[in-house]
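Residue numbers (my numbering): 938 to 1290.
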């Protein structure tokens, strides 16, 4: 996270370096964002497919800038959430409920599988930025000579319009270095943003499942606590709830679940504050990108590299939107299941009153 500048160290020794790193990233991205905006406007009169591709990269750079700016304002929330992770959210101070280990193992396995989506996005963004123009130059039917006077066609990304000549000397290496940095930043920042969302969502989902599993076994937990504290339960009562010791242990187990639930709500609020704006912007960007990619689909002969690049980026954008949708729906479904808490409370009160 430090490399991507999404979550930086702000202690005494590292604060200045982190601020300089963040300022450098945002400055480079903003400069190239302005170049891409100007290039995109000029591209309208040249080729619609290249215009769509330029718009695509402009939107990705814009998203990267907003991620860096927005997530820095949520530094405190990310710190508090990860402090909860360090302490495993809540310690019941009792043996784990049956099935907890299975839930944790399943979460780790799912994280390994879903981590391939941010990795694919990171690799695709960097590779497409460089490889697509090379393929176009070698195999496309489009006449790039019409662009040589306006754009820097000798650079890895040839569709950028610079304010100065970039064919030789310091200007060439300055422009080349800027493009390489931009490719790296798109890869690292967008990929790290995906990992951040995945980590927050998976841990929230796990805690909700652990709480549900604990509530499902609350009577067993109460019996075990009663045996530890008071010895063997009396069996001459009509029901377990008529036993004062059992009722006390049942209430203690329920109180622990309430505390766990309050911590989950706090973590959910942190997550909402962190990801609400980035996820909205990612959805909006992804929708536009998919539409632009479909426009490029019919130009395989004219610009094969650009067409393939559009399809690849469309695929990884769909992957990100899939990630957001799956976890959003999963969290909503798990929250809906918590009407069981009211049933447990009513059941408990009915027997002890």
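In this text, a Cβ means the ideal position worked out from N, Cα and C, and glycines have one as well.
{"Query": "For residue 1200, the nearest candidate out of 1024, 1233, 998, 1006 (CA to CA)", "Result": "1024"}
{"Query": "Neighbourhood of residue 1104 by C-beta distance below 7 Å, restricted to the same chain and skipping five residues each side", "Result": "1091"}
{"Query": "Exposed unless 16 or more other CB atoms sit within 10 angstroms - verdict on residue 1246", "Result": "buried"}
{"Query": "7 Å Cβ cutoff met for residue 1190 and residue 1165", "Result": "no"}
{"Query": "Chain-order list of residues whose beta-carbon lies under 8 Å from that of residue 1069 (same chain, five-residue window excluded)", "Result": "990, 1242, 1243, 1245, 1246"}
{"Query": "Beta-carbon separation (whole angstroms), residue 1229 vs residue 992, contact threshold 8 Å", "Result": "6 Å"}
{"Query": "The alpha helix (DSSP H) enclosing residue 1011, as first and last residue numbers", "Result": "Run containing residue 1011: none; DSSP gives neither H nor E here."}
{"Query": "Burial state of residue 1030, where buried means 16 or more other Cβ atoms lie within 10 Å", "Result": "exposed"}
{"Query": "Residue 1131, enclosing alpha helix (DSSP H) - first and last residue", "Result": "1106 to 1153"}
{"Query": "Beta-carbon contacts of residue 1209 that lie in its chain and below 7 Å, excluding the five residues immediately before and after", "Result": "none"}
{"Query": "Cβ pair count under 8 Å reaching 3, the segment 964 to 981 against the segment 1006 to 1024", "Result": "no"}
{"Query": "Segment limits, alpha helix (DSSP H) that includes residue 1186", "Result": "1181 to 1233"}
{"Query": "Assigned exposure category for residue 939 - 16 Cβ within 10 Å defines buried", "Result": "exposed"}
{"Query": "Nearest-angstrom Cα separation, counted from residue 1218 out to residue 1251", "Result": "16 Å"}
{"Query": "8 Å contact criterion, which residue 1220 and residue 1258 should meet: CB distance rounded", "Result": "6 Å"}
{"Query": "From 1255, 996, 1143, residue whose alpha carbon lies closest to that of residue 1048", "Result": "1143"}
{"Query": "Exposure label - residue 1272; buried when at least 16 CB within 10 Å", "Result": "exposed"}
{"Query": "Length of the line joining the Cα atoms of residue 953 and residue 946", "Result": "10 Å"}
{"Query": "Residue 985 beta carbon less than 7 Å from that of residue 1139", "Result": "no"}
{"Query": "Cutoff 8 Å; reference residue 1194; Cβ partners in own chain excluding five residues on either side", "Result": "1148, 1151, 1152, 1155, 1278"}
{"Query": "Residue 1197 vs residue 1098 beta-carbon contact at 7 Å", "Result": "no"}
{"Query": "Rounded C-alpha distance that separates residue 1042 from residue 1268", "Result": "19 Å"}
{"Query": "Residue 1026 in three-state terms, based on DSSP", "Result": "coil"}
{"Query": "Extent of the continuous alpha helix (DSSP H) run through residue 960", "Result": "952 to 980"}
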